[in-house]
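Taking the UniProt record's numbering, the leading residue of the sequence shown gets 1, the next gets one more, and so forth.
We put the CB at the ideal spot given by N, CA and C, even for glycine.
See below for the structure under consideration.
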Amino acid sequence: MSPRRRYVVTTIAPTEKTRVRRRPERAAYDRQVIYDILDEALVCHIGVATEAGPRVIPTAIIRIGEHVYVHGSPNNQLLTALADGAPACITVTLVDSVVAGRSGFGMSMDYRSVMIFGTAEKIVDNDEKERLVAAFVEDIMPGHIVRPPKKKELAATVFLRFSIAEASAKIRNHGVVDPDEDHALDVWAGVVPLKLMAGEPRNCGDLKPGISTPDYAKRYKRPSTK
Ligand SMILES: Cc1cc2nc3c(=O)[nH]c(=O)nc-3n(C[C@H](O)[C@H](O)[C@H](O)COP(=O)(O)OP(=O)(O)OC[C@H]3O[C@@H](n4cnc5c(N)ncnc54)[C@H](O)[C@@H]3O)c2cc1C
């Protein structure tokens, strides 16, 4: 079992902030459900109120145990605000289908999403930063082999950790929901499932001669419980 999968299956008790009020039947607070969505996602969006106003940044995210991690340049205004303790709202979204109803208001999407509230802890230990670099590599491209990070690269990167303690998932998975009176209309309604599909890998233009495309790149896919 990979270290990312080592967790006790529990429910995250909803708080005033994380209790889903709109469509509460779509809510999930089960850690496993939340972790699976986080593990499938490559990207999150982090919202934070900075001195210059609200900002939302898309960025790579990984989960290890009961925490998620993001990283970036110390010049990144948003990461700096987060490192200084600004409260964050992190969302992850997986769109599973586009849903075509029989009216404009019947148009929708089936999705799995997670929202996490928290404040960041800045990672300062270089060994931990190095482990996180390896974890980001393994998450983005499992099996990929890279050279070790340089000290100056580690020093020039901010790593932030957020506890998955105040979090919710919301899942829509029921396709078309049209009012009964629309069912007799002569129009198509249905869903088109969507998937993040890997294309054919393209070798780097300056790849050393003799290196062939590895299987892990040819067979790339995100982990999915769908
Ligand atoms: C791909 C996608 C498309 C969507 N399209 C629409 C749309 O077109 N119109 C629309 O109104 N809504 C849409 N939603 C749902 C939207 O994310 C909100 O859930 C909804 O608008 C209700 O917002 P609220 O602030 O009233 O939620 P509330 O229920 O009041 O939120 C309370 C708490 O519930 C939790 N929560 C709410 N939404 C989510 C979520 N999506 N994921 C995880 N936790 C959540 C949070 O902890 C939040 O603080 C979409 C969601 C996704 C993922």
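In the structure shown, what three-state DSSP assignment does residue i receive?
i           : result
E25         : helix
I37         : helix
V177        : coil
residue 227 : Lying outside 1 to 226, the shown extent of the chain, residue 227 is not represented and no answer is given.
I90         : strand
K152        : helix
D182        : helix
I145        : coil
V192        : strand
G199        : coil
A81         : helix
G205        : coil
P3          : Note that P3 scores 48 on pLDDT, short of 50, meaning its location in the model is unreliable and no value can be drawn from it.
R102        : coil
With a cut-off of 8 angstroms on the beta carbons, I'd call residue i and residue j a contact; round off their distance for me.
i    : j    : result
R102 : D180 : Their Cβ separation, rounded to whole angstroms, is 11 angstroms, which puts R102 and D180 out of contact at 8 angstroms.
S163 : M115 : Not quite, the Cβ-Cβ distance comes to about 14 angstroms (not below 8 angstroms), so this is no contact.
R219 : H67  : No, R219 and H67 are not in contact; Cβ-Cβ is about 29 angstroms, not under 8 angstroms.
V92  : S113 : 6 angstroms
V158 : A83  : 6 angstroms
V95  : L194 : 6 angstroms
Using DSSP bridges, identify the partner residues of residue i.
i    : result
H67  : I64 and S163
E121 : R161
D110 : S97
C44  : T59
I12  : DSSP lists no partner for I12.
S168 : M115
T50  : G53
In whole angstroms, what is the alpha-carbon distance linking residue i and residue j?
i           : j    : result
D125        : K151 : 12 angstroms
R31         : D186 : 43 angstroms
G65         : D39  : 11 angstroms
V70         : P214 : 27 angstroms
E51         : V146 : 38 angstroms
Y29         : I37  : 12 angstroms
M141        : A217 : 8 angstroms
residue 272 : R222 : Only positions 1 to 226 of the chain appear in the structure, and residue 272 is not among them; the question remains open.
H183        : D206 : 58 angstroms
P14         : I211 : 50 angstroms
T208        : R63  : Position check: residue 208 holds Lys in this sequence, whereas Thr was assumed. Roughly 33 angstroms separates the two Cα atoms.
L132        : G106 : 43 angstroms
A165        : G190 : 37 angstroms
On the three-pair Cβ rule with 8 angstroms, is the segment 161-174 touching the segment 190-207? no
Below 8 angstroms, can you find three or more Cβ-Cβ pairs linking the segment 16-27 to the segment 62-81? Fewer than three Cβ pairs drawn from the segment 16-27 and the segment 62-81 lie within less than 8 angstroms of each other, which leaves the two stretches out of contact.
With a cut-off of 8 angstroms, do at least 3 Cβ pairs link the segment 86-104 to the segment 118-133? The way I'd put it, the segment 86-104 does touch the segment 118-133; three or more beta-carbon pairs between them come closer than 8 angstroms.
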